[in-house]
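Below is one structure; the comments refer to it alone.
Protein chains: 2
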Amino acid sequence: MMRPLTLASFLVVIGTLASPARSQSDLMKQAQGLFKPLPAQPPALPDNPASPAKVALGKMLYFDPRLSESHAISCNSCHMIGMGGVDLQETSLGHRWQHGGRNAPTVYNAVFDVAQFWDGRAKDLEQQAGGPLVNPVEMDTTTGHVVEQLKGIPGYAAVFAKAFPGTDPITFENVRRAIAVFEATLMTPNAPFDRYLRGDEQALDGRQKQGLALFIGKGCAACHSGINAGGQRYAPFGVVERPGADILPPGDKGRFAVTKTVSDEYVFRVPSLRNVALTPPYFHSGKVWDLRQAVAIMGNSQLGARLTDAEVDQISAFLGTLTGDQPRVTLPSLPPSVATTPRPKP
Amino acid sequence: MMRPLTLASFLVVIGTLASPARSQSDLMKQAQGLFKPLPAQPPALPDNPASPAKVALGKMLYFDPRLSESHAISCNSCHMIGMGGVDLQETSLGHRWQHGGRNAPTVYNAVFDVAQFWDGRAKDLEQQAGGPLVNPVEMDTTTGHVVEQLKGIPGYAAVFAKAFPGTDPITFENVRRAIAVFEATLMTPNAPFDRYLRGDEQALDGRQKQGLALFIGKGCAACHSGINAGGQRYAPFGVVERPGADILPPGDKGRFAVTKTVSDEYVFRVPSLRNVALTPPYFHSGKVWDLRQAVAIMGNSQLGARLTDAEVDQISAFLGTLTGDQPRVTLPSLPPSVATTPRPKP
Chain U
5 MMRPLTLASF LVVIGTLASP ARSQSDLMKQ AQGLFKPLPA QPPALPDNPA
55 SPAKVALGKM LYFDPRLSES HAISCNSCHM IGMGGVDLQE TSLGHRWQHG
105 GRNAPTVYNA VFDVAQFWDG RAKDLEQQAG GPLVNPVEMD TTTGHVVEQL
155 KGIPGYAAVF AKAFPGTDPI TFENVRRAIA VFEATLMTPN APFDRYLRGD
205 EQALDGRQKQ GLALFIGKGC AACHSGINAG GQRYAPFGVV ERPGADILPP
255 GDKGRFAVTK TVSDEYVFRV PSLRNVALTP PYFHSGKVWD LRQAVAIMGN
305 SQLGARLTDA EVDQISAFLG TLTGDQPRVT LPSLPPSVAT TPRPKP
Chain H
5 MMRPLTLASF LVVIGTLASP ARSQSDLMKQ AQGLFKPLPA QPPALPDNPA
55 SPAKVALGKM LYFDPRLSES HAISCNSCHM IGMGGVDLQE TSLGHRWQHG
105 GRNAPTVYNA VFDVAQFWDG RAKDLEQQAG GPLVNPVEMD TTTGHVVEQL
155 KGIPGYAAVF AKAFPGTDPI TFENVRRAIA VFEATLMTPN APFDRYLRGD
205 EQALDGRQKQ GLALFIGKGC AACHSGINAG GQRYAPFGVV ERPGADILPP
255 GDKGRFAVTK TVSDEYVFRV PSLRNVALTP PYFHSGKVWD LRQAVAIMGN
305 SQLGARLTDA EVDQISAFLG TLTGDQPRVT LPSLPPSVAT TPRPKP
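Chains as they are written, first to last, in the numbering used here: chain U, 5 to 350; chain H, 5 to 350.
Put into structure tokens, the structure is as follows:
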């Protein structure tokens with residue numbers, strides 16, 4: 005069971021990081037010890053091997069709004085490819101214009117996160133993919149209706165059969181599996197910071213390197229490390245100082261809802277910072293639209309550090325180097341509805 | 005001024021068509037006289053020359069939901085690329101889950117229609133593109149706010165400058181122009197019927213040719229002709245027999261709202277039948293989901309012909325040959341919102 009970071013363990017980690025890098029080369033070595041570049045290929049998913057046919061089906065399902073009760077909302081509605089993998093909304097708009105409870109996390113590189121959703125209630129992409137489908141404020145369908153709907157679109161039969169050889173391939177589990185393998189392909193490699201981690205000193209300019217040194221030295225990297233610069237563990241929002249109710253609404257106790265453990269109150273999965281410059285607004289509440297302000301709030305709440313404007317600028321400049329090559333996705337041709345296809349219920 | 009078809013003029017046209025084709029070759033000649041294959045390249049738009057930069061900008065705008073007040077609705081929400089260029093809804097869902105007044109026409113091949121919207125109130129794609137943006141039940145923004153929004157997204161400045169060299173390129177007019185040149189590229193060439201029109205006898209099978217012969221002989225081609233098998237003129241819904249209020253709601257008088265001419269009551273632009281098998285539900289009211297039923301209704305209401313089931317089947321089989329190669333569109337990378345970008349008002 006992964007424990008959230010406590011203030012005590014936190015200060016130990018910071019202590020090991022805080023010795024300033026003596027040269028550019030030292031800084032690179034420090035960074036290489038804390039972060040990893042994105043690989044060129046998506047990782048294999050446990051018990052869900054990818055195949056071109058499965059990825060192709062997953063892409064179709066990802067874009068098909070007929071998976072929602074209204075036929076107006078698809079995975080891509082809130083996790084938009086071409087727009088940072090997010091919807092740029094405080095909280096997403098779902099079925100009948102209802103608002104979701106938390107800001108939509110990006111789908112990009114999500115395969116590298118330790119768990120899915122802000123509270124980690126889904127252990128992987130496959131488990132996550134089923135959630136919004138049946139959530140009444142999101143796509144508002146049922147597992148049974150998803151299967152009925154897809155069986156009612158004749159063109160899907162052959163696509164499922166190719167992706168899942170065997171009998172009765174159109175199942176809710178296979179819908180989740182196919183979406184997961186497609187989502188795993190949505191990576192953003194070759195960010196300037198990836199090139200730096202691979203040894204290219206020129207990939208970051210002076211200010212970005214100052215920001216990286218601060219990011220490490222101030223302790224940000226205690227949580228935001230690894231392949232995704234985050235996404236690997238849980239932490240209370242407000243390790244040192246709890247932010248105001250505008251940013252941390254008291255009604256949302258985060259991971260506590262999953263574990264029912266008091267120490268998990270206001271604990272959230274640390275978000276990945278990859279492409280963070282593309283994904284405002286910030287935090288689970290989506291209340292902060294300015295990346296610089298988000299950095300300053302993190303300094304206060306998580307590190308007890310009142311960052312100067314110059315430091316905030318430098319750290320923000322470093323965060324900009326986490327923007328990688330955006331996925332290039334060609335829209336799939338979806339199989340047509342026919343007279344007997346179940347109809348939308350908007 | 006284009007006049008709607010009257011019953012009298014209609015019967016004349018049918019008379020010229022009704023002599024049955026004596027052989028396959030005669031049928032092909034008849035068809036070649038009535039229809040034209042889609043060209044390989046989009047036509048030039050008057051006063052709006054296409055350029056790669058303008059098409060690229062238009063594609064970005066087409067997919068960018070930040071053009072709507074809520075930042076949740078884009079052109080693609082109702083005219084989905086990959087799904088026949090439509091939304092498969094009776095009427096579209098717009099701002100705050102409001103329903104539009106009529107079924108969303110396909111964007112595919114719309115450049116070849118004589119005018120846009122079911123009532124032809126926009127003379128071309130450029131005029132059409134501005135409509136949904138400012139419609140309170142669709143995207144609910146204003147011309148001024150569109151400009152303010154786009155100027156507030158720094159990455160658009162260079163893209164507009166490249167597409168529209170000169171001073172102050174970010175204008176509402178240029179937004180419409182860029183969207184129009186992108187939409188003009190959304191064509192579906194090489195349908196089996198296109199290949200047939202180019203002389204390939206094998207492109208249609210026997211039943212499809214019987215359907216084509218009926219389509220011509222019964223008089224459907226009197227309105228549904230030309231490059232788009234429709235889209236070229238206006239006609240009353242109910243030339244011979246007015247359909248029921250479920251399909252032709254009395255409150256929507258069609259083109260009358262544009263021309264205020266009594267003879268334009270319940271007159272609509274004849275829709276293109278290209279890709280019609282992909283674009284249920286049918287008619288401006290979107291009340292008919294079954295293509296066969298739509299064919300039967302047209303027989304009654306427009307031709308006074310009670311088509312047999314076999315005839316309906318054959319005509320529907322012919323209509324299936326109007327499905328062409330679907331556009332392959334790679335999603336654009338949209339420029340990010342920044343701290344000063346105007347925010348959504350959901």
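We treat Cβ as the ideally placed atom computed from N, Cα and C, and that holds for glycine.
Put simply, of U:Pro336, U:Gln236, U:Ser337, U:Ala309 the residue whose alpha carbon is nearest the alpha carbon of Leu38 (chain U) is U:Gln236. Residue contact check for Ala119 (chain H) against chain U: no CB pair falls below 7 Å.
Under DSSP, Val271 (chain U) forms a beta bridge with U:Pro240, U:Gly258. The C-alpha of Arg273 (chain H) lies about 11 Å from the C-alpha of His228 (chain H).
Note that the C-beta distance between His103 (chain H) and Thr110 (chain H) is not below 7 Å. Of all residues in the region 327-339 of chain H, only Gln330, Arg332, Val333, Thr334, Leu335, Pro336, Ser337, Leu338 place a beta-carbon less than 7 Å from a beta-carbon of chain U.
When Cβ-Cβ separations below 7 Å define contact, Ile85 (chain H) makes contact with chain U.
For Ile319 (chain U), the enclosing alpha helix (DSSP H) covers residues 313-324. Apart from sequence neighbours up to five positions away, the residues of its chain that approach Gly258 (chain U) with a beta-carbon distance below 6 Å are Asp123, Tyr270, Val271, Phe272, ordered along the chain. Cβ contact annotation for Ala76 (chain H) (same chain, cutoff 6 Å, sequence separation greater than five): Pro69, in chain order.
Counting only residues of its own chain and dropping the five nearest sequence neighbours on each side, Gly134 (chain U) has a CB closer than 6 Å to the CB of Arg180.
By alpha-carbon distance to Asp329 (chain U), the top candidate from U:Ala35, U:Ser29, U:Leu42 is U:Leu42. With its beta carbon at least 7 Å from every one in chain H, Arg278 (chain U) lies outside the interface. Interface residue (Cβ-Cβ distance to chain H less than 7 Å): Pro140 (chain U) is not classified as such. Residue pairing from DSSP places Phe39 (chain U) in a beta bridge opposite U:Gly230.
Counting the other Cβ atoms within 10 Å of the Cβ of Gly148 (chain H) gives fewer than 16, which makes it exposed.
The alpha-carbon separation between Leu326 (chain U) and Gly203 (chain H) amounts to approximately 56 Å.
Burial check for Gln206 (chain U): the Cβ neighbour count within 10 Å stays below 16, so the residue is exposed. Taking a cut-off of 8 Å on C-beta distances, the region 153-165 of chain H touches the region 55-71 of chain H, as three or more cross pairs fall below it. Using a Cβ-Cβ cut-off of 7 Å, Ala76 (chain U) counts as an interface residue toward chain H, since at least one Cβ of chain H sits closer than that to its own.
Residues of the region 62-76 of chain U with a C-beta less than 9 Å from any C-beta of chain H: Met64, Phe67, Asp68, Pro69, Arg70, Ser74, His75, Ala76, listed in chain order. Taking 7 Å as the threshold, the shortest C-beta distance from Ala182 (chain U) to chain H does not fall below it. Close to Gly88 (chain U), with beta-carbon spacing below 8 Å, are these residues of chain H in chain order: Pro340. Contact annotation for Leu97 (chain H) against chain U: Ser74, Ala76, Pro350 [CB-CB distance below 8 Å, chain order].
Beta-bridge pairing by DSSP links Asn107 (chain H) to no other residue. Between Tyr286 (chain H) and Phe186 (chain H), the C-beta spacing is not below 7 Å. The region 242-260 of chain U and the region 298-310 of chain U touch, with no fewer than 3 CB-CB distances between them shorter than 8 Å.
For Leu42 (chain U), no CB of chain H lies under 7 Å from its own CB, so it is not counted at the interface with that chain. Counting the other Cβ atoms within 10 Å of the Cβ of Arg106 (chain H) gives 16 or more, which makes it buried. Within its own chain, the residues whose Cβ lies closer than 6 Å to the Cβ of Cys79 (chain H), once the five positions on either side in sequence are excluded, are Tyr66, listed in chain order. The Cβ atoms of Val141 (chain U) and Leu129 (chain U) do not sit closer than 7 Å to each other. Per DSSP, Arg310 (chain H) lies in no alpha helix (DSSP H) segment and is marked neither H nor E. It is roughly 40 Å from the alpha-carbon of Gly255 (chain H) to the alpha-carbon of Lys58 (chain H). Counting only the Cα atoms, His83 (chain H) lies some 19 Å from Gly98 (chain U).
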